[in-house]
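Chains as they are written, first to last, in the numbering used here: chain S, 10 to 119; chain E, 734 to 847.
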Amino acid sequence: SQQGEEDPQALSIQEGENATMNCSYKTSINNLQWYRQNSGRGLVHLILIRSNEREKHSGRLRVTLDTSKKSSSLLITASRAADTASYFCAPGGGSEKLVFGKGMKLTVNP
Amino acid sequence: DTAVSQTPKYLVTQMGNDKSIKCEQNLGHDTMYWYKQDSKKFLKIMFSYNNKELIINETVPNRFSPKSPDKAHLNLHINSLELGDSAVYFCASSQVSGGDTEAFFGQGTRLTVV
């Protein structure tokens with residue numbers, strides 16, 4: 010598997026605003042996963058989108074995938090202070106590795 | 734019930750010591766991983782085991798030796814600890830290997846070498 014690159018590396022917003030983070034990757038994938046890491050905790054799986062899907066929703070999360078641009082975005086709507094965390098993407102190419110990018114730090118100010 | 738549990742949560746030890754971190758998963762998964770997260774939060778894969786067999790060893794010094802007595806357990810033993818080994822170590826498991834299924838992570842072991 011390959012490492013995704015999250016962008017921006019850090020984002021600070023006010024509660025109630027939407028947060029968008031992007032992930033780019035280099036080679037073809039079977040799927041792409043997004044994870045959240047709260048400070049001092051392990052990663053928690055948020056959503057998996059397959060290469061034949063363009064968009065997927067889960068609660069306040071919306072993930073899009075554009076395989077032609079080799080990119081994915083994670084949108085968190087109506088953000089809350091509890092959404093403050095680091096977010097990681099993991100492009101899945103069918104190899105045996107689950108590899109993460111450097112992550113993106115989201116701060117939601119109350 | 735905790736799905737993936739690691740012990741200990743914190744470990745402070747002196748340089749040169751040998752220490753172990755234990756990991757257990759009760760999800761019935763075939764694949765388990767060890768990751769190292771440094772101070773810059775970069776999460777790097779170290780090892781991956783599938784059904785007790787080592788399938789990935791990512792250029793990790795041989796002072797690090799994983800052991801999988803059964804597919805529910807993957808322990809990490811570190812010999813001759815160095816200052817640079819200070820990090821948070823995460824254990825994870827998934828139903829199958831690779832990026833095709835969701836991975837579940839333990840809460841991490843914060844290792845501090847002094």
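For each residue, glycine too, the CB sits at the ideal point set by N, CA and C.
- Going by DSSP, Ile788/E is part of the beta strand (DSSP E) stretching over Glu786 to Asn790.
- Note that the region 780 to 790 of chain E does not touch the region 83 to 90 of chain S; fewer than 3 beta-carbon pairs, one per stretch, sit closer than 8 Å.
- The C-alpha of Lys742/E lies about 24 Å from the C-alpha of Gly110/S.
- With a cutoff of 9 Å on beta-carbon distance, Phe780/E and Leu809/E are scored as near each other.
- Annotation: Cβ neighbours of Lys111/S in chain E (cutoff 9 Å, chain order): Lys773, Lys774, Phe775 and Leu776.
- When C-alpha distances from Arg45/S are compared across Glu14/S, Ser95/S, Ala99/S and Pro119/S, the shortest belongs to Ser95/S.
- The DSSP-derived three-state label of Gly839/E is coil.
- Residues of chain S whose Cβ lies closer than 8 Å to the Cβ of Glu835/E are, in chain order, Gln42, His54 and Leu57.
- With its beta carbon less than 9 Å from one in chain E, Ser95/S belongs to the interface.
- For the 9 Å CB-CB criterion, Glu64/S and Ser33/S do not form a contact.
- In the structure shown, Leu760/E adopts coil according to DSSP, grouped into three states.
- In the DSSP assignment, Glu64/S falls within the unbroken beta strand (DSSP E) covering Glu64 to Ser67.
- Using a CB distance cut-off of 9 Å, Ser827/E counts as an interface residue toward chain S.
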